[in-house]
Amino acid sequence: MFKSDSYTSTHKRFDTLIMTEKGDENLLKLETLRHSAAHVMADAVKRLFPGVKLAIGPAIEDGFYYDFDYPKGFSTEDLSKIEAEMKNIIAAAIPFERREVPKKEAREIFEKMGEKYKLELIDELNSDTVTIYRHGDFVDLCRGPHVSNTRDVKAFKLLKVAGAYWRGDEKNPQLNRIYGTAFLSKKELEDYLSMLEEAAKRDHRKLGTALDLFSTMDEYGAGLILWHPKGGRIRDAIETFWKQEHYRNGYDILYTPHIGRKTLWETSGHLDFYRDSMYSPMDIDGNDYFIKPMNCPFHIMVYKSRMRSYRDLPLRWAELGTVYRYEKSGVLHGLLRVRGFTQDDAHIICTPEQIEDEIREVLRFSLFMWKSFGFTNIKAYLATRPEKAVGEPERWEKAITALKNAATAEKMDYELDQGGGAFYGPKIDLKVKDALGREWQMTTIQFDFNLPERFDMSYIGADGQKHRPFMVHRALLGSLERFFGVLVEHYAGDFPVWLAPVQATLLTITDDQIPFAKKIRNDLKASGVRAELDDRNEKLGLKIREAELQKTPYMLVIGAKEAAANLVAVRSRKKGDLGQMPVDRFIEMITKDIGDKS
RNA sequence: GCCGGCAUAGCUCAGCGGUAGAGCAGUCGAUUCGUAAUCGACAGGUCAACGGUUCAAAUCCGUUUGCCGGCUCCA
Numbered sequence: 022m023f024k025s026d027s028y029t030s031t032h033k034r035f036d037t038l039i040m041t042e043k044g045d046e047n048l049l050k051l052e053t054l055r056h057s058a059a060h061v062m063a064d065a066v067k068r069l070f071p072g073v074k075l076a077i078g079p080a081i082e083d084g085f086y087y088d089f090d091y092p093k094g095f096s097t098e099d100l101s102k103i104e105a106e107m108k109n110i111i112a113a114a115i116p117f118e119r120r121e122v123p124k125k126e127a128r129e130i131f132e133k134m135g136e137k138y139k140l141e142l143i144d145e146l147n148s149d150t151v152t153i154y155r156h157g158d159f160v161d162l163c164r165g166p167h168v169s170n171t172r173d174v175k176a177f178k179l180l181k182v183a184g185a186y187w188r189g190d191e192k193n194p195q196l197n198r199i200y201g202t203a204f205l206s207k208k209e210l211e212d213y214l215s216m217l218e219e220a221a222k223r224d225h226r227k228l229g230t231a232l233d234l235f236s237t238m239d240e241y242g243a244g245l246i247l248w249h250p251k252g253g254r255i256r257d258a259i260e261t262f263w264k265q266e267h268y269r270n271g272y273d274i275l276y277t278p279h280i281g282r283k284t285l286w287e288t289s290g291h292l293d294f295y296r297d298s299m300y301s302p303m304d305i306d307g308n309d310y311f312i313k314p315m316n317c318p319f320h321i322m323v324y325k326s327r328m329r330s331y332r333d334l335p336l337r338w339a340e341l342g343t344v345y346r347y348e349k350s351g352v353l354h355g356l357l358r359v360r361g362f363t364q365d366d367a368h369i370i371c372t373p374e375q376i377e378d379e380i381r382e383v384l385r386f387s388l389f390m391w392k393s394f395g396f397t398n399i400k401a402y403l404a405t406r407p408e409k410a411v412g413e414p415e416r417w418e419k420a421i422t423a424l425k426n427a428a429t430a431e432k433m434d435y436e437l438d439q440g441g442g443a444f445y446g447p448k449i450d451l452k453v454k455d456a457l458g459r460e461w462q463m464t465t466i467q468f469d470f471n472l473p474e475r476f477d478m479s480y481i482g483a484d485g486q487k488h489r490p491f492m493v494h495r496a497l498l499g500s501l502e503r504f505f506g507v508l509v510e511h512y513a514g515d516f517p518v519w520l521a522p523v524q525a526t527l528l529t530i531t532d533d534q535i536p537f538a539k540k541i542r543n544d545l546k547a548s549g550v551r552a553e554l555d556d557r558n559e560k561l562g563l564k565i566r567e568a569e570l571q572k573t574p575y576m577l578v579i580g581a582k583e584a585a586a587n588l589v590a591v592r593s594r595k596k597g598d599l600g601q602m603p604v605d606r607f608i609e610m611i612t613k614d615i616g617d618k619s
């Protein structure tokens, strides 16, 4: 017999509870609720679409899904039908019941229902017994826990249908997934839905068109980006800052080619383990050349261009290196997943004694960069040695210790991904949270025990002998394309003054002020301010509206009064009308903004 | 690559078997205006491409290209 769930029965109705920011207990409740919502949805789907087979239906970070085997597939219209049926099930207030049964019995139950995926799951479970949950006629293999009654599922919404492979493997049959979300209260559901709307409004692809920052078009190829003048301005501001800070932090800057001979990629091993991401070779004078998917082999060639002494180390070589990698057509996404992109790459080559300090410096530098771009919520993920790996274990140990110590020294909490490192070295990744609380993986600091071996890199130590250096790859922003995409969404296109493509727009009221406005614009430009003049014969209201829509930080209104008194009337996008002032004072003000990165 | 959806003017979208539409943007003209949209005229399209069904295709079918949502969340 089914009996009432021991977990859920001791708890109150969930819809009366409020989820707190980090309450583990509430998180558990939320997961329970979502998982229960997935069951209710599966029940509704089985009622509406007989013959559907169930796969899996877990709670996920912002909701839940259930995978169904239903060859016809679901349409968006089906979602509202399913929602309506779910509401019936919820209104019927059916209790959830839990039962622990021997595997054999579970097999019989699901065999009778023809649930072949469930049978596969049962066979894989290690324990002798499994738990099954039931509400009404709906029975599912499930670890639980669940809410006590279907009526506890109140605030839910189905969001989208999608294809998904059984167990995420493209060789397996494709299933139909329905995504939904559920919250403990209606209020939280509404907040979540409006967050989704806000995210859609901030979509960098939309803003990219509206603010004329960049474009992608099918005429010249998928996953390739054109940077328009305004996007170019921002990128230039980023790159200028990036270079300046790299020089300040002891880096040198390299420039390396876009293509390289086959032998280089053979030596590096890329043609063995990275070929799938590389484009076909081109023939040049009978030799195969490949477009680079990474910069490292070239940096190593620079290293090997002459003998290196321990006195030369550490070497910190950075490059804004544009690489091309094959990505499956279906995964391309605006600026966030592209086929050609510019990494803010660097390689640090150093002695074993230097790695602790070097890693700590990289981490510190990285955090400084993120802060400069307005990101303060950052998490670290440390990945250690996988089973299959190259490099001596002592080197791995030393590197992991250096990564851990650096994180501790920078007071960063890190999550440990045991065995999650690449075969050639451990790494620490940083994920940053944007203004909407979404997490993006950006920075990576990665040891490499493979390439120094393959290229036989060495330096002469104090003992006069050859030694193998340590090599670290690192990208702080990741790639300029991806970083820019995240930046656009983070600021919703409303860039701080130092990044804004147009920092000040001059707005004339009548044609009479054009000569004066031109002079002011030139003064601003001479002072390094990115200024534009809107001298069209249009009303002030229209010019202001358009400058606002372009998210220009400052508008300088110039009418007869200003021209006569040699003043500008300043309107700040953030603070509104600031009144009249001499140009010099405005330049002082905006220069301070630029310097403060505000 | 696979599943599903989508592709109409520069942008946002309507039309869904019977000769291509709107708003914004553009061009021209009028207006010279004080803090989020001045008025009018004009121009703009092989309805993504190719093939098919039909007396007739933007509309129905197929292929290709591109875009969008997924395919990593594990009873």
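Using my numbering, you'd call the opening residue of the first sequence number 22 and step up by one each time. We put the beta carbon where it would ideally sit given N, CA and C, even for glycine.
Asked                                                                                                                                                              : Found
Rounded to whole angstroms, what is the Cα-Cα separation between Asp617 and Ile321?                                                                                : 37 Å
Closest to Asp158 by C-alpha separation, out of Leu196, Gln195, Ile110, Arg172, would be which residue?                                                            : Ile110
Between the alpha carbons of Leu561 and Thr529, how many angstroms are there, rounded?                                                                             : 7 Å
I'd like the ranges of any alpha helix (DSSP H) spanning at least 4 consecutive residues and lying wholly in the stretch 339-365.                                  : none
If you check the beta carbons only, do Ile535 and Tyr575 fall under 8 Å apart?                                                                                     : no
Whose CA, out of Gly506, Glu377, Gln375, lies closest to the CA of His354?                                                                                         : Gly506
Within 10 angstroms of its Cβ, does Glu136 collect 16 or more other Cβ (buried), or is it exposed?                                                                 : buried
Any contact between the stretch 519-527 and the stretch 550-561? By contact I mean 3 or more CB pairs, one from each, below 8 Å.                                   : yes
What's the gap between the Cα of Val323 and the Cα of Gly252?                                                                                                      : 32 Å
Which residue comes first and which comes last in the alpha helix (DSSP H) that contains Ala220?                                                                   : 207-223
So, for Phe468: in the same chain, excluding its five sequence neighbours on each side, which residues have a beta-carbon less than 6 Å away from its beta-carbon? : Ala420, Gly446, Pro447, Val493
Pick helix, strand or coil for Gly440, following the three-state DSSP scheme.                                                                                      : coil
Hey, quick one: how far does the alpha helix (DSSP H) through Met390 stretch, first residue to last?                                                               : 376-393
Based on the DSSP secondary-structure assignment, which residues constitute the bridge partners of His56?                                                          : His56 pairs with nothing; no bridge assigned.
I need the straight-line Cα distance from Asn193 to Val73, nearest angstrom please.                                                                                : 17 Å
Mapping the DSSP letters down to three states, classify Thr429 as helix, strand or coil.                                                                           : helix
Beta-carbon separation of Gly440 and Arg406 under 8 Å?                                                                                                             : yes
Taking its Cβ as the centre, do 16 or more other Cβ atoms sit within 10 Å of Phe389, making it buried, or is it exposed?                                           : exposed
Using three-state DSSP, classify Tyr445 as helix, strand or coil.                                                                                                  : coil
If we require 4 or more residues per run, which alpha helix (DSSP H) segments fall completely within the stretch 222-288?                                          : 225-231, 250-269
For Glu42 and Tyr512, I'd like the C-alpha separation in whole angstroms.                                                                                          : The pLDDT assigned to Glu42 is 38, lower than 50, so where the model puts this residue is not dependable; a value taken from the coordinates is nonetheless given after this. Each residue's alpha carbon lies about 23 Å from the other.
Please report the straight-line C-alpha distance between Arg282 and Ile370, rounded to a whole angstrom.                                                           : 24 Å
What are the boundary residues of the beta strand (DSSP E) that Thr526 is part of?                                                                                 : 525-529
Quick one: does the C-beta of Asn543 sit closer than 7 Å to a heavy atom of the ligand GDP?                                                                        : Within the structure as shown, the ligand GDP is missing, as the structure has no ligands at all.
What's the call for Met463, buried or exposed, on a 16-neighbour Cβ count within 10 Å?                                                                             : buried
For Leu285, which residues in the same chain have their Cβ closer than 6 Å to its Cβ, ignoring the five residues on either side in sequence?                       : Pro318
Of all the options Thr573, Arg337, Glu209, Ala203, which has the alpha carbon lying nearest to the alpha carbon of Ala59?                                          : Ala203
Based on Cα-Cα distance, which residue from Tyr241, Gly242, Ile259, Thr237 lies nearest to His249?                                                                 : Thr237
Just to confirm the assignment, what range does the beta strand (DSSP E) spanning Ile579 have?                                                                     : 575-579
Out of curiosity, what's the CA-to-CA distance linking Gly44 and Thr53?                                                                                            : For Gly44, the predicted structure reports a pLDDT of 48, less than 50, and the residue's modelled location is therefore unreliable. A value from the coordinates is still provided. The straight-line gap from Cα to Cα measures roughly 14 Å.
Alpha carbon to alpha carbon, what distance is there between Glu436 and Phe386?                                                                                    : 20 Å
Leaving out five residues on either side along the sequence, give the residues of the same chain with a beta carbon under 6 Å from the beta carbon of Leu599.      : Val591, Ser593
Just mark Val305 as buried or exposed, buried being the case when its beta carbon has 16 or more other beta carbons within 10 Å.                                   : A quick correction: the sequence has Ile, not Val, at residue 305. By the neighbour-count rule (16 or more Cβ atoms within 10 Å), Ile305 is not buried but exposed.
Please say whether Ala423 and Ile376 have beta carbons closer to each other than 8 Å?                                                                              : yes
Any idea if Ile81 is buried or exposed, counting beta-carbon neighbours within 10 angstroms, 16 or more meaning buried?                                            : exposed
How long is the line joining the alpha carbons of Arg633 and Gly412, rounded to whole angstroms?                                                                   : Past the edges of the chain, shown from 22 to 619, lies residue 633, and the structure says nothing about it.
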